[in-house]
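Just below is one structure, and these are the notes that go with it.
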Ligand code: SF4
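Structure, rendered in structure tokens:
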């Protein structure tokens, strides 16, 4: 079956809009109940949809403060100070769909279309490597050139085979349109990291209004795609909605239903949840006036609640958001951010970005973001060890348990950060980063200090990709 053909309908009865509506209606943010829920969240056991609905209703400032404070505690305990960095690689902006919020939609004649050749993909990859990137998410619109899906698989191979100086891309996550089980198997064989697809909105009437034409109109095909990916053996999947299309309260509970469904069926929930908000896009009226725009205050609440509800699931924030919001959200639960991003095919080589998918809120270079993170005490991490060592799916979730992170992730984050500092950082970033590394080492107990210092020594001696 070809990629763009629809297979047998997936069972998507796990999405229960009526139960979401009634949870939202019945939830009461009684202070005693809220405190009980926050106490449970501090045990890192996650939250039920009913508990999430109660937190959604919290408005009282003191309780909100407690909610944020608890999210910070949980984030710090599970993820430490580590922030994983990545950047998107768009290889085509051709698309057959008509998503009203997107500049790439088929009818947008203002956009110049471009599908990168393999040589151009290699050139983009070299550009990204030269700035220090190690992890990418690869994307394209929902249309393939003449080779069909093989184009995407060859593009993955091209990126992995491309080297530049001391660097290479070590992990490719992908964000492409839903596939059949058979094509997901081929994607897995291409050694991808996480498969990511946003449902955009779980609210079916809204979904039907904003997806006017093309394959993406099929709500159920999209809703069932993570089941097909996991059936095909892809352990790590990433969920997300485009906040601003429908009521965020509904979306949040629907994501929880999706996560629970995956956990029940496959024994492992989503590896990541992304939290994009609609940003202005060329030729899209809807993107200029999102029907359910999410305020900054609500956005932070969404992030804090997700952190408590699914504590071991990574949370991704892109450069859609500006630097200030990103700084706040790092404290509340975000564990991965993109930096130095371009959202147009060829964007890393070119200076003209008029053909981007949407407007960016954070235009800083990777070097500036790294320096800012270090100044805040966060460890910028380029680590890909879990993926390379097969610690995916449930194995990763087990490792993410509090305490274990200190054994693996912090030393690995520091050693990959040291690689970045030596190979790519500006003198100012090197100074800020070296100071941070010294502080981190002096704050460790002697055994952790010893083996982390050993990893750093190996990197300084010229070894690369040294991880445990
Ligand atoms: S959101 Fe994706 S599928 Fe929709 S028009 Fe844009 S690129 Fe195409």
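Numbering (the working numbering), first residue to last: 1 to 468. Glycine included, each C-beta is placed from N, C-alpha and C at the ideal position.
The ligand SF4 approaches residue 142 closely enough that one of its heavy atoms is under 7 Å from the residue's Cβ. DSSP places residue 130 in the uninterrupted alpha helix (DSSP H) bounded by 118-131. CA-to-CA, the gap between residue 441 and residue 73 works out to about 22 Å. Looking at the backbone, the Cα of residue 300 and that of residue 272 are separated by about 17 Å.
If you ignore the 5 residues before and after residue 379, its C-beta comes within less than 8 Å of the C-beta of 80, 81, 82, 83, 373, 410, 413, 414, 417, 436 and 440, all in its own chain and listed in chain order. Within 7 Å of the C-beta of residue 102 there is at least one heavy atom belonging to the ligand SF4. The C-alpha of residue 428 is placed about 46 Å away from the C-alpha of residue 266.
Residue environment analysis places residue 419 among the buried positions, since at least 16 neighbouring C-beta atoms fall within 10 angstroms of its C-beta. The closest heavy atom of the ligand SF4 lies 7 Å or more from the beta carbon of residue 326. Here DSSP, grouped into helix, strand and coil, assigns residue 465 to coil.
Looking at the backbone, the Cα of residue 384 and that of residue 172 are separated by about 10 Å. In the three-state DSSP reduction, residue 103 falls in the coil class, being neither helix nor strand. Assigned with DSSP and collapsed to three states, residue 86 falls in strand.
Distance from the C-beta of residue 217 to the nearest heavy atom of the ligand SF4 is not below 7 Å. When DSSP states are grouped into helix, strand and coil, residue 15 belongs to the coil group. Out of 23, 189 and 140, the CA that lies nearest to the CA of residue 176 is found in 140. Short note on residue 105: C-beta closer than 7 Å to some heavy atom of the ligand SF4. Residue 364 and residue 18 have their alpha carbons spaced roughly 43 Å apart. About 6 Å separates the beta carbon of residue 91 from that of residue 138, a gap short enough to meet the 8 Å contact definition. Residue 333 has its alpha-carbon roughly 6 Å from the corresponding atom of residue 303. Residue 365 carries a coil assignment under DSSP once its states are collapsed to helix, strand and coil.
Non-local beta-carbon contacts of residue 101 in its own chain, meaning distances under 6 Å to residues more than five positions away in sequence, involve 278, 284, 286 and 287 in chain order.
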